[in-house]
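Novice:
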Amino acid sequence: MKFFVDTADIPEIRELSDLGLCDGVTTNPSLIHKSGRNFLEVIKEIAGMIEGPVSAEVVAEDHATQMREAEKLLTLGDNITIKVPLTLDGLKSCKALAANGTPVNVTLCFSANQALLAAKAGAAFISPFVGRHDDVGYDGMNLISDIRMIYDNYDFETEILVASVRHPIHILESAKIGADVVTAPAKVLKSLASHHLTDKGLAAFTADWAKTGQSIV
Ligand code: E4P
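First residue of the sequence shown: -11, per this note's numbering; consecutive thereafter.
1) So, with DSSP's three-state summary, where would you put C10?
2) CA-CA distance, A191 and L185?
3) Going by DSSP in three states, N207 sits in which element: helix, strand or coil?
4) So, using beta-carbon positions, are K(-10) and V169 closer together than 8 angstroms?
5) Who are the Cβ neighbours of P17 in its own chain at under 7 angstroms, not counting the five residues just before and after it?
6) Report yes if the C-beta of L177 is less than 7 angstroms from at least one heavy atom of the ligand E4P; otherwise report no.
7) Classify G36 as buried or exposed, calling it buried when 16 or more other Cβ atoms lie within 10 Å of its own Cβ.
8) How would you write the range of the alpha helix (DSSP H) that V176 sits in, first residue to last?
9) The ligand E4P and N16: does any heavy atom of the ligand fall closer than 7 angstroms to the residue's C-beta?
10) Taking the alpha-carbon positions, what's the T146 to G201 distance?
11) Ignore the nearest five residues each way along the sequence and tell me which others in L105's own chain have a CB closer than 7 angstroms to its CB.
12) Following a CB-centred definition, is F117 positioned closer than 7 angstroms to any heavy atom of the ligand E4P?
13) According to DSSP, is A107 part of a helix, a strand, or is it coil?
14) Who are K(-10)'s beta bridge partners in DSSP?
15) Classify E49: buried if its beta carbon has 16 or more other beta carbons within 10 angstroms, exposed otherwise.
16) Using the Cα positions of V94 and R154, report the straight-line distance between them to the nearest angstrom.
17) Quick one: Cα of R120 to Cα of Y126, how far?
18) Which residue marks the beginning of the beta strand (DSSP E) containing T69, and which one marks its end?
19) Considering only DSSP beta bridges, list what S43 is partnered with.
20) Spatial neighbours of L62 within its chain, please: CB distance less than 6 angstroms, with the 5 preceding and 5 following residues excluded, ordered by chain position.
21) What's the call for K71, buried or exposed, on a 16-neighbour Cβ count within 10 Å?
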């Protein structure tokens, strides 16, 4: 399973990259706002830092303007994935872009039927938002299981990119279901390494090592 980092924060991307935990980056207009940076500049910088796909989202709601925005975003790097919303106009843009070989990430997916439409439109990635689904009383992971089953039934190549990830259980369940990618905040990805028994065991080893009076270097 690939790990994408859901951020427009350059130091976070660098840190996760150095840890081998950044196979790609996803951004959205809210993350760009949070970064306080110019959209085009920050996307260009991210695309130059990593080899994997960098999702940059169009902001227009109509197909014609989405296509013009996509054209501009694609000049920012060879690894740009165009992110479009799961609307009829977004699907139309997805189909047109995919036909030209552009990878498209269809975002704001909240139902398996929406995911089916994205796959039929040739999306490289579908982004179901599990956390926001949980927030309104559904089990977001059921959505991932349903999409996995449907995509496998028809051999769709669209990758399931689990988004709106809030905690390690979302990642564990995504891996068990067989999602292709998770995109998560840096702090959630780093938290996967934590276990209190690891900390306890390390403290005991360190204490016993000190008692030997030895050093390795
Ligand atoms: C995905 O591409 C989105 O950027 C993101 O995962 C949304 O997450 P949120 O619900 O925490 O805003």
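Idealized CB from N, CA, C, for every residue including glycine.
What you are looking at is a predicted structure, and each value in this text was computed from that prediction instead of being measured.
Specialist: Judging by the given coordinates:
1) coil
2) 10 angstroms
3) The structure shown does not extend to residue 207, since the chain is modelled only from -11 to 205, so the question has no answer here.
4) yes
5) E45, V47
6) no
7) exposed
8) 174 to 179
9) yes
10) 57 angstroms
11) L79
12) yes
13) helix
14) V169
15) exposed
16) 20 angstroms
17) 9 angstroms
18) 68 to 73
19) T14, T69
20) I68
21) buried
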